[in-house]
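Enquirer: Have a look at this one.
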Amino acid sequence: MLTSVGRAAARRVVAVNRLALTTNGVAIPRATFVARAIPIRSFSVSQRTRQATATDSPAKPKKTTKAKKPTKSKATKAKTSKAKKTVSKKKASPKKPAVKKPKKELTPEEAEKKKIKELKALALLKEEPRPGPNAGQTEWTIFVGENTPTPLQRSLAEHVKDLSARFKDISSSEKQRLASQAEANRQAYQNKRQSWLASLDVADVYSANLARSRLRRALPKKQFSKLEDDRLPKKPVEGMNLYVQERMRGQSGSTAIFSEVVQEWKNMDAAQQQSYKVASEPALAAWRQAVEQLSNAVAEKKKAKKDAAKAEAAAAKAAQIQAREERKAARAAQKAASA
29 MLTSVGRAAA RRVVAVNRLA LTTNGVAIPR ATFVARAIPI RSFSVSQRTR QATATDSPAK
89 PKKTTKAKKP TKSKATKAKT SKAKKTVSKK KASPKKPAVK KPKKELTPEE AEKKKIKELK
149 ALALLKEEPR PGPNAGQTEW TIFVGENTPT PLQRSLAEHV KDLSARFKDI SSSEKQRLAS
209 QAEANRQAYQ NKRQSWLASL DVADVYSANL ARSRLRRALP KKQFSKLEDD RLPKKPVEGM
269 NLYVQERMRG QSGSTAIFSE VVQEWKNMDA AQQQSYKVAS EPALAAWRQA VEQLSNAVAE
329 KKKAKKDAAK AEAAAAKAAQ IQAREERKAA RAAQKAASA
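Going letter by letter, the sequence shown gives residues 29 to 367 in the working numbering.
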């Protein structure tokens with residue numbers, strides 16, 4: 029017997045067959061439908077199941093996952109690290125040469141002090157021998173020194189008063205001894221001074237006298253004596269001085285006679301005065317030539333001294349550069365050895 033499910037399936041098959049026959053108007057053998065119906069599996073679907081299927085909510089869209097950033101491979105990292113190391117090993121750019129600072133402008137007072145300092149150096153003031161304590165001694169000072177005990181047992185005024193009385197009563201031989209000793213002291217200083225002058229070049233003596241002359245004008249309250257050297261050219265007597273020298277020869281040098289001779293020169297006519305000027309001209313020309321030669325020698329020595337200072341500074345700078353390069357090479361060798 030057929031179940032309820034089987035009967036329902038059979039009905040559907042028959043209804044379909046009839047519809048096909050009436051629609052097409054073609055007779056189809058029944059066996060065909062039967063044969064086709066055999067393999068169909070019959071099943072029943074409840075109403076509830078069909079409704080649930082029809083009303084199923086659409087599937088929720090899947091969340092799209094964000095694309096992950098591509099991870100750098102180890103090779104890339106290695107290349108980057110190598111590149112960084114390469115950048116760090118780049119040679120340092122050469123240092124720009126230091127800009128020299130402009131020289132500070134001196135004030136007038138500072139410039140004057142600098143000029144005086146340079147003149148004192150040219151004047152050879154520090155090199156000149158100083159007279160010792162005995163160079164300016166006289167008979168009296170030698171006598172006081174020899175007869176003054178140390179320490180003094182009485183007041184200085186009483187002691188000097190007593191020595192003054194005794195000095196007046198000394199014998200002529202004792203006075204001669206004191207005078208000879210004073211002269212020997214002065215001569216010793218003069219010999220020392222002359223030896224020092226002889227050791228100098230005549231151009232240096234000439235330059236020192238020029239500097240001393242300028243110092244006398246710049247510092248009138250101080251004394252700067254002229255260096256007396258026989259090697260220096262002496263200005264000849266000319267004009268009125270030549271006339272006065274001729275007139276005063278063989279006469280005492282009193283002020284009255286000198287004033288009288290000067291007045292005679294002033295009363296002379298121009299032709300007579302010109303004759304004395306012409307007579308002194310050859311000597312003046314020779315003197316000017318000698319002075320010019322000395323001036324040229326001073327200029328050459330000054331230039332040579334300046335060039336020597338420049339050469340010394342350049343040599344010192346070259347030595348510093350060489351020492352720096354040697355230290356640099358030593359550090360490089362030490363670094364290579366440690367590596």
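Where a beta carbon is used, it is the ideal one built from N, C-alpha and C, also for glycine.
Look at the alpha carbon of residue 313 and the alpha carbon of residue 216, and state the distance between them as a whole number of angstroms.
Expert: Translated into the one-based positions of the sequence shown, residue 313 becomes position 285. Translated into the one-based positions of the sequence shown, residue 216 becomes position 188. Each residue's alpha carbon lies about 38 angstroms from the other.
Enquirer: Where does the unbroken alpha helix (DSSP H) through residue 231 begin, and where does it stop?
Expert: Position 203 of the sequence shown, counted from the first residue, corresponds to residue 231. 230-246 is the extent of the alpha helix (DSSP H) around residue 231.
Enquirer: If you reduce the DSSP assignment to three classes, tell me which class residue 198 lands in.
Expert: Here residue 198 corresponds to residue number 170 of the sequence shown, with the count starting at 1. Here residue 198 sits in coil by DSSP.
Enquirer: Helix, strand or coil for residue 286, going by three-state DSSP, please let me know.
Expert: As a first step, residue 286 is located in the sequence shown; it is residue number 258 there, counting from the start. Helix.
Enquirer: Quick check on residue 277: does DSSP put it in helix, strand or coil?
Expert: Mapped onto the sequence shown, residue 277 falls at position 249. DSSP places residue 277 in coil when its eight states are reduced to three.
Enquirer: By a C-beta neighbour count over all protein chains shown, 10 Å radius and 16 as the cutoff for buried, is residue 104 buried or exposed?
Expert: Your numbering for residue 104 matches position 76 in the sequence shown. Interpretation of residue 104 is limited by its pLDDT of 49, a score under 50 that renders its predicted location unreliable; the figure taken from the coordinates is listed afterwards. Residue 104 should be labelled exposed.
Enquirer: Taking the alpha helix (DSSP H) that residue 151 falls in, what are its first and last residues?
Expert: As a first step, residue 151 is located in the sequence shown; it is residue number 123 there, counting from the start. Element bounds for residue 151: n/a, residue is neither H nor E.
Enquirer: If you run the structure through DSSP and keep just helix, strand and coil, what is residue 182?
Expert: Residue numbering aside, residue 182 sits at position 154 when the sequence shown is read from its first letter. Residue state, collapsed to three classes: coil.
Enquirer: Please classify residue 63 as buried or exposed, where buried requires at least 16 neighbouring CB atoms within 10 angstroms.
Expert: Residue 63 sits at position 35 when you count from the first residue of the sequence shown. Because residue 63 carries a pLDDT of 43, less than 50, the predicted location of this residue cannot be relied on, and the following value inherits that uncertainty. Exposed, because fewer than 16 other Cβ atoms sit within 10 Å of the Cβ of residue 63.
Enquirer: Can you check which of these residues, 304, 365, 185, is closest to residue 270 by C-alpha distance?
Expert: Here residue 270 corresponds to residue number 242 of the sequence shown, with the count starting at 1. It is 304.
Enquirer: Between which two residues does the alpha helix (DSSP H) harbouring residue 169 extend?
Expert: The sequence position of residue 169 within the sequence shown is 141, counting from 1. Note, residue 169: alpha helix (DSSP H), 167-174.
Enquirer: The alpha helix (DSSP H) that contains residue 366, what's its start and end?
Expert: The residue you call residue 366 lines up with position 338 of the sequence shown. Run containing residue 366: 309-366, per the alpha helix (DSSP H) assignment.
Enquirer: Measure the alpha-carbon distance for residue 145 versus residue 282 and round it to whole angstroms.
Expert: Taking the first residue of the sequence shown as 1, we reach residue 145 at position 117. Taking the first residue of the sequence shown as 1, we reach residue 282 at position 254. If I take the Cα positions, the gap works out to 42 angstroms.
Enquirer: Is the beta carbon of residue 134 sitting closer than 8 angstroms to the one on residue 170?
Expert: Working through the sequence shown from its first residue, we reach residue 134 at position 106. Working through the sequence shown from its first residue, we reach residue 170 at position 142. No, Cβ-Cβ distance for residue 134 and residue 170 is not below 8 angstroms.
Enquirer: Just to confirm before moving on: does the CB-CB distance between residue 210 and residue 279 stay below 8 angstroms?
Expert: Numbered from 1 along the sequence shown, position 182 holds the residue referred to as residue 210. Numbered from 1 along the sequence shown, position 251 holds the residue referred to as residue 279. No, they are not a contact pair.
Enquirer: Compute the Euclidean distance between the alpha carbons of residue 330 and residue 236, then round it to the nearest angstrom.
Expert: In the sequence shown, counting from the first residue as 1, residue 330 sits at position 302. In the sequence shown, counting from the first residue as 1, residue 236 sits at position 208. Each residue's Cα considered, the two are about 13 angstroms apart.
Enquirer: Between residue 243 and residue 141, which are expected to be in contact by the criterion C-beta below 8 angstroms, what is the C-beta distance as a whole number of angstroms?
Expert: The residue given as residue 243 occupies position 215 in the sequence shown. The residue given as residue 141 occupies position 113 in the sequence shown. Between residue 141 and residue 243 the Cβ distance is about 13 angstroms, and since that is not below 8 angstroms, they are no contact.
Enquirer: Note down the Cα distance separating residue 257 from residue 352, rounded to an integer number of angstroms.
Expert: Taking the sequence shown and counting its residues from 1, the one referred to as residue 257 is at position 229. Taking the sequence shown and counting its residues from 1, the one referred to as residue 352 is at position 324. If you take the alpha carbons of residue 257 and residue 352, they lie about 51 angstroms apart.
Enquirer: Should residue 231 be labelled buried (16 or more other beta-carbon atoms within 10 Å of its own) or exposed?
Expert: For this step, residue 231 is matched to residue 203 along the sequence shown. Buried.
Enquirer: Can you tell me whether residue 180 is buried or exposed? The criterion is at least 16 other CB atoms within 10 Å of its CB, across all chains shown.
Expert: Position 152 of the sequence shown, counted from the first residue, corresponds to residue 180. Burial call: exposed.
Enquirer: Using 8 angstroms as the threshold, is the C-beta distance between residue 308 and residue 267 below it?
Expert: Within the sequence shown, residue 308 is the residue found at index 280, counting from 1. Within the sequence shown, residue 267 is the residue found at index 239, counting from 1. Yes, the Cβ-Cβ distance between residue 308 and residue 267 is below 8 angstroms.
Enquirer: Indicate whether residue 290 and residue 234 have their beta-carbon atoms separated by less than 8 angstroms.
Expert: Against the sequence shown, residue 290 aligns to sequence position 262. Against the sequence shown, residue 234 aligns to sequence position 206. For residue 290 and residue 234, no; Cβs fall outside 8 angstroms.
Enquirer: Using the C-alpha atoms, what's the distance from residue 225 back to residue 201?
Expert: Mapped onto the sequence shown, residue 201 falls at position 173. Mapped onto the sequence shown, residue 225 falls at position 197. Cα to Cα, residue 201 sits roughly 36 angstroms from residue 225.
Enquirer: Is it the case that the Cβ atoms of residue 261 and residue 318 are separated by a distance below 8 angstroms?
Expert: Numbered from 1 along the sequence shown, position 233 holds the residue referred to as residue 261. Numbered from 1 along the sequence shown, position 290 holds the residue referred to as residue 318. Yes, these two residues count as a Cβ contact at 8 angstroms.
Enquirer: Is the distance from the Cβ of residue 239 to the Cβ of residue 184 below 8 angstroms?
Expert: Working through the sequence shown from its first residue, we reach residue 239 at position 211. Working through the sequence shown from its first residue, we reach residue 184 at position 156. No, Cβ-Cβ distance for residue 239 and residue 184 is not below 8 angstroms.
Enquirer: If residue 187 and residue 176 are in contact, beta carbons under 8 angstroms, what's the gap, nearest whole angstrom?
Expert: Along the sequence shown, read from residue 1 onward, the residue named residue 187 stands at position 159. Along the sequence shown, read from residue 1 onward, the residue named residue 176 stands at position 148. Confirmed, Cβ separation roughly 7 angstroms.
Enquirer: Taking Cβ to Cβ, would you say residue 213 is nearer than 8 angstroms to residue 139?
Expert: For the purposes of this step, residue 213 is taken as residue 185 along the sequence shown, with counting starting at 1. For the purposes of this step, residue 139 is taken as residue 111 along the sequence shown, with counting starting at 1. Going by C-beta atoms, residue 213 is not nearer than 8 angstroms to residue 139.
Enquirer: Enumerate in chain order the residues of its own chain whose CB-to-CB distance from residue 334 is below 8 angstroms, with the five nearest sequence positions on each side excluded.
Expert: Locating residue 334 in the sequence shown gives position 306, counting from the first residue. None.
Enquirer: Going by C-alpha distance, which of 168, 337, 363, 219 is nearest residue 160?
Expert: By one-based count along the sequence shown, residue 160 stands at place 132. Nearest C-alpha to residue 160: 219.
Enquirer: When burial is assigned at 16 or more other CB atoms within 10 Å of the CB, is residue 167 buried or exposed?
Expert: As a position in the sequence shown, residue 167 is number 139, starting the count at 1. Its Cβ being crowded by 16 or more others within 10 Å, residue 167 is buried.
Enquirer: Report the three-state DSSP secondary structure of residue 256 (helix, strand or coil).
Expert: Locating residue 256 in the sequence shown gives position 228, where the first residue counts as 1. The answer is coil: DSSP assigns residue 256 none of H, G, I, E or B.
Enquirer: Rounded to whole angstroms, what is the Cα-Cα separation between residue 154 and residue 221?
Expert: Stepping through the sequence shown from its first residue, residue 154 is reached at position 126. Stepping through the sequence shown from its first residue, residue 221 is reached at position 193. Between residue 154 and residue 221, the C-alpha separation is close to 13 angstroms.
Enquirer: Between 367, 259, 229, 195, which lies nearest to residue 328 when the distance is taken from Cα to Cα?
Expert: Locating residue 328 in the sequence shown gives position 300, where the first residue counts as 1. Considering only alpha carbons, the answer is 229.
Enquirer: Helix, strand or coil for residue 297, going by three-state DSSP, please let me know.
Expert: If you number the sequence shown from 1, residue 297 lands on position 269. Reduced to three states, the DSSP call for residue 297 is coil.
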